[in-house]
Structures are given as structure tokens and as C-alpha cells.
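Chains A and B, in that order, are what the protein sequence lines are.
Convert by adding 536 to the 1-based position in the first sequence; the result is the number in the numbering used here.
Convert by adding 2 to the 1-based position in the second sequence; the result is the number in the numbering used here.
Here a beta-carbon is modelled for each residue, glycine too, at the ideal position from N, C-alpha and C.
Predicted model only: the values in this text are computed from it and were never measured.
Structure first, then comments.
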Amino acid sequence: MATDFLLPDLGEGLTDAEIVRWLVKAGDEVILNQVICEVETAKALVELPSPIVGIVASLRVAEGETVTVGSPIISFGVAGTGAPGADADGAAPEASEVLEAGAEPEEDGRSNMLVGYGPGEHDQRSGRRRRRATQAAAPAVAPATSPAAASAPAAAPAPLAPASLAPAAVGPPATGHSAAHTRVLAKPPVRDLARRLGLDLATVVGTGSNGAVIRADIEAASASGALPAVTANTATTADETRVAISGVRKRTAAAMVSSAFTAPHVTEFVTVDVTPTVELVERLRAHPAFEGARVTALVLIAKALAIATVRHPELNTRWDEAAQEIVTYRRVNLGIAVATPRGLMVPNIRDVNSLTLRELADALSGLASRARDGKTGVAELSGGTISITNIGSFGIDTGSPIINPGEAAILCTGAIRRQPWEFQGKIALRSVMTLSLSFDHRLVDGAEGSAFLAEIGRILADPLELIALG
Amino acid sequence: MSIASIEITGHAEAVALLPTTGGDLIPHPIFSTYVSDVGDIELVQMYTDLVVARRIDTEATALQRQGELGLWAPMQGQEAAQVGSARALRASDFVFGSYREHAVAYLRGVDPTMILKLWRGSTHSGWNPYEVNMTTPAIVVGSQMLQAVGYGMGILRDRSDDIAITYFGDGATSQGDFSEALGFAASFAAPVVFFCQNNQFAISASVAVQTTVPIVQRAAGFGIEGVQVDGNDVLAVLAVTRYAAERARNGDGPTFIEAVTYRMGPHTTSDDPTRYRDAEEVARWKERDPIDRLLRTLEHRGLATPQMLADTEATARDFAASLRAGCIGTVEPAPESIFQNVYAEPHSLIDEERAEFVAYHGILEPGSPEIGSREIGSPETTAGAR
Chain A
537 MATDFLLPDL GEGLTDAEIV RWLVKAGDEV ILNQVICEVE TAKALVELPS PIVGIVASLR
597 VAEGETVTVG SPIISFGVAG TGAPGADADG AAPEASEVLE AGAEPEEDGR SNMLVGYGPG
657 EHDQRSGRRR RRATQAAAPA VAPATSPAAA SAPAAAPAPL APASLAPAAV GPPATGHSAA
717 HTRVLAKPPV RDLARRLGLD LATVVGTGSN GAVIRADIEA ASASGALPAV TANTATTADE
777 TRVAISGVRK RTAAAMVSSA FTAPHVTEFV TVDVTPTVEL VERLRAHPAF EGARVTALVL
837 IAKALAIATV RHPELNTRWD EAAQEIVTYR RVNLGIAVAT PRGLMVPNIR DVNSLTLREL
897 ADALSGLASR ARDGKTGVAE LSGGTISITN IGSFGIDTGS PIINPGEAAI LCTGAIRRQP
957 WEFQGKIALR SVMTLSLSFD HRLVDGAEGS AFLAEIGRIL ADPLELIALG
Chain B
3 MSIASIEITG HAEAVALLPT TGGDLIPHPI FSTYVSDVGD IELVQMYTDL VVARRIDTEA
63 TALQRQGELG LWAPMQGQEA AQVGSARALR ASDFVFGSYR EHAVAYLRGV DPTMILKLWR
123 GSTHSGWNPY EVNMTTPAIV VGSQMLQAVG YGMGILRDRS DDIAITYFGD GATSQGDFSE
183 ALGFAASFAA PVVFFCQNNQ FAISASVAVQ TTVPIVQRAA GFGIEGVQVD GNDVLAVLAV
243 TRYAAERARN GDGPTFIEAV TYRMGPHTTS DDPTRYRDAE EVARWKERDP IDRLLRTLEH
303 RGLATPQMLA DTEATARDFA ASLRAGCIGT VEPAPESIFQ NVYAEPHSLI DEERAEFVAY
363 HGILEPGSPE IGSREIGSPE TTAGAR
């Protein structure tokens, strides 16, 4: 049984150390706590005592080399039968047996690194060992289209191994390493953000310390369109075109599947005479306060939704499965589904209730123009609490939308059409639209959802309600 | 010389009883009587204590170098100061230590594995202070001195004859807490022993930059009797601490002991002492090693038999083995156990924070380094609830 000894963090947060001098060589028998080498950290020159009784199988690092904390520096072949002698301080043989039994090393030797500082580095080790391993494994992950690469020997090329080492004694342990296993440095919330955006961390250039990917990198990558374009990785034959699922498409798909198959959707419809709203839009457009603003019915619909959401907070919620809790948002962050050159996105407007009608109009037009230009920022894409999808702009009457994950409801606005409608006891030509609302039936009962949708309809049928209720 | 005749300015010369070269004990007009009961058996016991203490220290240092501890504060060189003083105490006395009193903790009956768990990062403190009447390590320099005085003032109200003893280093005497503690202790005649291990260094700062007079002299300004003792003389330390304890029990108030010793190792395993002191100085103190000092007396008395030495070595060896096994076999507590003993009763804010923390852990990828082991209900997670 061979055991690797990984370089521990010798001084409260150090990341690497230089092997100054080896005091043992391959084939040497070592006893517990026998000094095996001297290493120099940023803080001190220290001696490392052997953690086990056994025989040195190989030294994994040359003198003068700097290695990352968590990297294997020496391999031991543990004596199987020979009774271990007294240790360097005269400790009992039982001590070593206890060590072997109690700390059965896992394949990667992690059990030698039980203290918190080390293991993280273990996965991220960037010392020469890993670089060699990556180089050795490179042919295996190279595209098969390169005949040169395909015919390259898979074994580690000899010149890459420093002559002063003797890896052959135990064989290179890291042959399983490939580029795919190299862990990109990033903090958990950043990883989470990338995952939510469907962004592969490996494709993002990190600008943090040690090349770590930081939040700004994710935002930049996402906003600059570094998300793989939907046309990427295309293969065309006579019969079909195959496009790799990636980027926004992949993210959209994941979000839709997640929402559709976890949140029981209910969709309700209401058709409303919105002529007064249309007339109000015309008057607002002519009003000095709205000079230069882009006023559409959507502005008033958004306002109506915001007012109704405050009055029906159960629609402004999230189902937290993990915590088994219902989260009610304090603010209304209104998501607007927009078609962008990169695909569907749902940027949101923060705290819509704090905005004046003019500010809301400007926020909507700004959001739309940024989306058109492909400049939607990542900050806009997270934190939505309820959404609107306006398929009326495509001339469609109504639909049953899928809720944006993390929200409880989505309002779908159809096209406003001039059509015969009952008006004051007679048939008249009125501006009529159909609103539909999908809601998460875990969070919202039919009565609540109906009251909410009816209220939005009532406001649009008589915008006086905007003042009365808002 | 009667105790009453001792001048309040303290004893000018460091008290020593064990000769440095072997031979008979050095007689002392006051302190010899305090160890008149110490015979051959007791001397051998103290020798064993010193050897075990050093072995705890070297094993823990090795465990840190092997990645099993995050940090360790070695005490090599200071064993006699700790063993001698701890042996002067009763079980009902209360010890307020700093972070280097490993030998004191050992003699108070602390499971040494529990000492290591703090340095491993597996527990916030380590042991139940009320089981052994010793606080868990005070990492904040000097905080324990005031706590000891407060406890001592409590003893007065209990009308008990227990005492409090507080351990601190030369560096801690530069803390404001030091002056406050001495001031209150003197004013209230609190039954407190201030035990300063002057190991010559506050991390890298020499004691010479901490004070312009011997530290023991500072006590006089507060109206406290000070005694300077050779900290590498376990017998003298025992005598002086017994003397101080007796004064406290008799209602004579606090005593300040300066045990002059030397930290042979680094401040902690993160420190490199060769950067601030020269090898010659270390070699000089090596000649004054507290274990060798007692061994010479044992040899002089014919007590250092091969059998005794072998028994002592075996005791230390077994101790080190169980220490190592206990350390490596630690079952790490679940991350959320950090919330477990904040309040004795359910607390909604803590519940909320725990849920948030668990949710945060939920977003971590499997195998992420931020995820610790998640065994729940290990002894460590419940120990503090006792």
C-alpha cells in the first residue's frame, strides 16, 4: 500500500512552500516523526516529520522546487510485515498502527489533509506536478481530428520528468488527470451565479488573484455576449443541421424544464375592454411630463401589475424547496421577457413601486433597447420577483406562459384589438385585450390568483383605479 | 524570616531550589519549608510530568507539520514553570490560562485530545471548564487576567478558601487589562495568583522592549507582593506558588509571580524564531533545560535508575500514541453545528441564520472544498451542551 504525504499548510493560510532539502531518499526506511525534509514557507524554514512508519517509495518533488499546499511531496510504501521500530521520539509502534487504521488514505491521499486550509488547494494545485500531468494527459483530450495528436504516445514523455526524481518507482499517479478535471478557482456564490446563467466557468477568463474567476468576470462574460452564440458548434449534413445546446438556449431550456416540471402551473384568462387605458396612453403621450418618453399600454399594464402585487403579496413569493419555506419578497422586481439577439432573457426592473409612471416608462424603454443591443447586464437578470411576457407585440391574442423560476406568477398580455364589444348596453367598437396569468399552484390558490388577475383587468378597464388603489 | 517581614517590593533574586549542577537542594529561608514534604517519590512524579508534558508538545508540533493541526503554540522550555505551579493547586481552585498552558491543562485532568481539537479547528474551545476548573484557552492576549480577578472577588463573597490563578506571558503585561487586573485584585484583596511566565519573547519582541525594570517589580506599584522565581526550577516554582496560594487562602490577597524561563521553540508553528534571536542565546538556555535540571538532582539521589527512566519514557510514549490516535480519529462536526450551543434554548434568529447557512451550503457543488464533513451528532457537537 502506497501512501502519499501532501504538503500541509504550515502557517495559517500559506499556499505553497519550497522543498529546501531532502533528508531521506527512495528506499529509506522511516520511522514516525523522523524528519524527512526541510521546507521553507513565506514565514519560516521548518522540518517536516514523517507521519508514518514505512519505506520511502519516491520523492515527488525535487529540492529547490516550490509546491502548492495539498500537493503530494513524497510517497511511502508502508511496511506490511516488518514490525515498525520505535519512532523518532521513542513513540510506541502502536502509534503508527493506529495511524494506518484510523486514517486509511483515500485514493487521492486526502486523509492526510484533515485540517481545513489544505484540501481546497489540493484540488486546485498548480504546482509542477500537475502541469506535468496535464501535459501528459493532453493527447487524450485533444480533438481526434488531429492525426498527429491521435498518434502521439499516451504515456508521459520522458523529457518532462525531471531527472532528479524517480517517478518510475511508483509510476506517475496522476495519469487520470485531464484538463476537464482542472478546477477553476471561484468562490461559491460566483459558481452559483455562473450555474444560474448557464455559463461554463472554464470558458471565463478570471481576473481575481491566482486567476480566480470573480463576479465581475461572470458579469462581463455574460454582458459581452461571451455566452456561446446559439450558432456555435454547428454541424450540417444534407438532411439536418445539428447545433450544440449551449449558452442562452441551454439556460433557457434548463429554466423552463425546471419551472414546468416542479411548479404546478395554473393559467387563467380574462378578456377586458381596455379602451380607457388606450385613451389614457394617448393623453400621456401628449403630456409635457412625458415629453421624450416612450409611453405604451405596457407601461400602464406594468403599473397595474405592480399595484395589484402589493395588494396580493402571495403572488410575489418563491417556493424554497430546500428550506421548506415560502419566501415572500418585500419588493416587487418586475421581470420583462424580451427577445434578444442571444435568445430569451428576463431582465427586471427593481422596486417598480418606487418609480413614478415616467420613470417606469423610461425603465421599460431602456430595458428594451439594451436587450435589442444585446447589452442586458447580469445584474438586471437576477432578483426578479414576478414577470410579464408581452406576446401581443407579435400579434398574438393569448398564451399560457411558463413561470420564471424563483417566482410565483407571470402575466401574459395579448394584442389589443379593435373589435365589437358590449358598451353601455350597445355594441360598439372597442379596444379589447386578453390577459392571462400563470401561477404556481403550490403558492397561490385559485381564489387568490383569480382575484389578482381580475384586479389587473379592472384597473386597465378603468385606469382611475391606478389612482384609487395606487 | 517571617512572611510578614517580606518587603512589598518583592524578592530581589530569582528563587531557586534545584542546583544547576546536581548536588543537594539550595536552602532558602522562606521557600524551602514549602516543599519540605517533597520526597523522592514526588520528585520522580514531577520528572514524569515534565517528560510527558514535553512529549505532548513535540507530538502536537509534529501533528501540525503533518497537516493534522492548523496551528500549535509550543511550550518547550516552559514545562517546569507550568508543572510546578499546577501541582501547587487544589482541584477546587480555578485556573485562567492563556493559550500555551498545555502542561497545566494536562495536570488539571483535561483530556489532551480535547486540547488538540481547538488547534485542529474541530471545536471552538475544547473542554468543559467546570469539569476541571480551568478555562479553555484565551487567544485574546491578556483577557484572562481580569476574569481571574472577577472570579477571585466571587470567591470572597462565597467565603471559600479556594483561589484563582491566572497565567500570562511577558507580552501580556503590556496590555491595559494587566493594570486593571492588578489594581482591582489589590483593592479587593482578591485571592488571585498572577503567574507570569516570562519566556523572554512576545512573539518576536524581546522582553527588553516590554519593560525597563524586571516585570516582577511592577507588582509593587499596585501594592502587590511580587516573587521572582527561576522558571526552569520545578521545585522552586512549586514552593513559590504554594506560598502565593497560601497567602490567598489566608485572606492576604494577591501575589505576583514572575517565572523566568525561555521559550525554546517558535511562538507558534507559523513563526520562525531564528529571525529574531541568535543560536548562541538558545544554546545558553538549552543548558538550563528544566528536565535536565531535575534529572541531575534525581541522579544525585540515585533515583535515575534505568527502570525509572524506561518507565517514564513508556508513559510518555503511550501518551503520545493515544494523543495522535485521538487527534487523527477526530470526527469533524457538521458545519451547521456552529449554531448549536449559542443559546441554551431555541432562538428564532439563530434558527434563521442556521437555515441561511444550510441553504448556502446547498449551493456548493459536491466535493467543493468549502464543504466540510457532515457527520452530525458526533461527541464534539454535543460536548459543549453539557
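Taking 8 Å as the threshold (beta carbon to beta carbon), is residue i in contact with chain A?
i       : result
L118(B) : no
R67(B)  : yes
L2(B)   : Outside the shown range of chain B (3 to 388) lies residue 2(B), about which nothing can therefore be said.
G72(B)  : yes
D353(B) : no
G364(B) : yes
So for residue i, helix, strand or coil by DSSP?
i       : result
D232(B) : strand
D736(A) : coil
I260(B) : According to the sequence provided, residue 260(B) is Glu. The question's Ile does not apply to it. Strand, per DSSP.
S34(B)  : helix
A357(B) : helix
I938(A) : coil
R528(A) : Here chain A comprises residues numbered 537 to 1006, so residue 528(A) is not present and cannot be evaluated.
Y169(B) : strand
N201(B) : coil
V605(A) : coil
D753(A) : helix
T772(A) : strand
E554(A) : strand
D976(A) : strand
G590(A) : strand
L91(B)  : coil
E984(A) : helix
E289(B) : coil
P999(A) : coil
A140(B) : coil
V104(B) : Contrary to the premise, residue 104(B) reads as His rather than Val in this sequence. In the structure shown, H104(B) sits in a helix (DSSP, three-state: H, G or I).
Buried or exposed: where does residue i fall if 16 or more other Cβ atoms within 10 Å of its Cβ makes it buried?
i       : result
T681(A) : In this prediction, T681(A) scores a pLDDT of 41, lower than 50, which makes its location untrustworthy; the coordinate-derived value is nonetheless stated afterwards. Its Cβ having fewer than 16 others within 10 Å, T681(A) is exposed.
I58(B)  : buried
G171(B) : buried
S611(A) : buried
P725(A) : exposed
H269(B) : buried
T276(B) : exposed
S548(A) : Position check: residue 548(A) holds Glu in this sequence, whereas Ser was assumed. Classification of E548(A): exposed, given that the 10 Å Cβ count is below 16.
F930(A) : exposed
T772(A) : exposed
S206(B) : exposed
Does the beta carbon of residue i come closer than 8 Å to any beta carbon on chain B?
i       : result
E565(A) : no
K786(A) : no
D728(A) : yes
A580(A) : yes
G747(A) : no
E548(A) : yes
L721(A) : no
P544(A) : yes
L559(A) : no
Confirm, please, whether the CB-CB distance from residue j to residue i is below 8 Å.
i       : j       : result
S145(B) : D179(B) : yes
S124(B) : P335(B) : yes
L120(B) : S272(B) : no
T913(A) : E755(A) : In the sequence under discussion, the amino acid at residue 913(A) is Gly, which differs from the Thr named in the question. Result yes, Cβ atoms of G913(A) and E755(A) sit closer than 8 Å.
E554(A) : G590(A) : no
L721(A) : A748(A) : yes
D51(B)  : L109(B) : yes
V209(B) : Q219(B) : no
Assess, as a yes-or-no matter, whether the stretch 235 to 253 of chain B is touched by the stretch 96 to 106 of chain B under the definition of 3 or more beta carbon pairs within less than 8 Å.
-> No, the stretch 96 to 106 of chain B does not touch the stretch 235 to 253 of chain B.
Three or more beta-carbon pairs under 8 Å between the stretch 183 to 203 of chain B and the stretch 142 to 160 of chain B, yes or no?
-> Segments in contact, yes.
Contact between the stretch 956 to 965 of chain A and the stretch 875 to 891 of chain A (3+ Cβ pairs under 8 Å) = Put simply, the stretch 956 to 965 of chain A does not touch the stretch 875 to 891 of chain A. Fewer than three CB pairs are less than 8 Å apart.
Segment contact flag, the stretch 42 to 59 of chain B with the stretch 219 to 228 of chain B, C-beta cutoff 8 Å, min 3 pairs = Counting C-beta pairs with one atom in each stretch, the stretch 42 to 59 of chain B and the stretch 219 to 228 of chain B have fewer than three that are closer than 8 Å, which means they do not touch.
How do the stretch 846 to 857 of chain A and the stretch 933 to 947 of chain A stand: do at least 3 beta-carbon pairs fall below 8 Å, yes or no?
-> Between the stretch 846 to 857 of chain A and the stretch 933 to 947 of chain A there are three or more inter-stretch CB-CB distances shorter than 8 Å, so the stretches are counted as touching.
With contact counted as at least three CB pairs below 8 Å, one residue from each stretch, are the stretch 958 to 977 of chain A and the stretch 904 to 919 of chain A in contact?
-> Touching, no.
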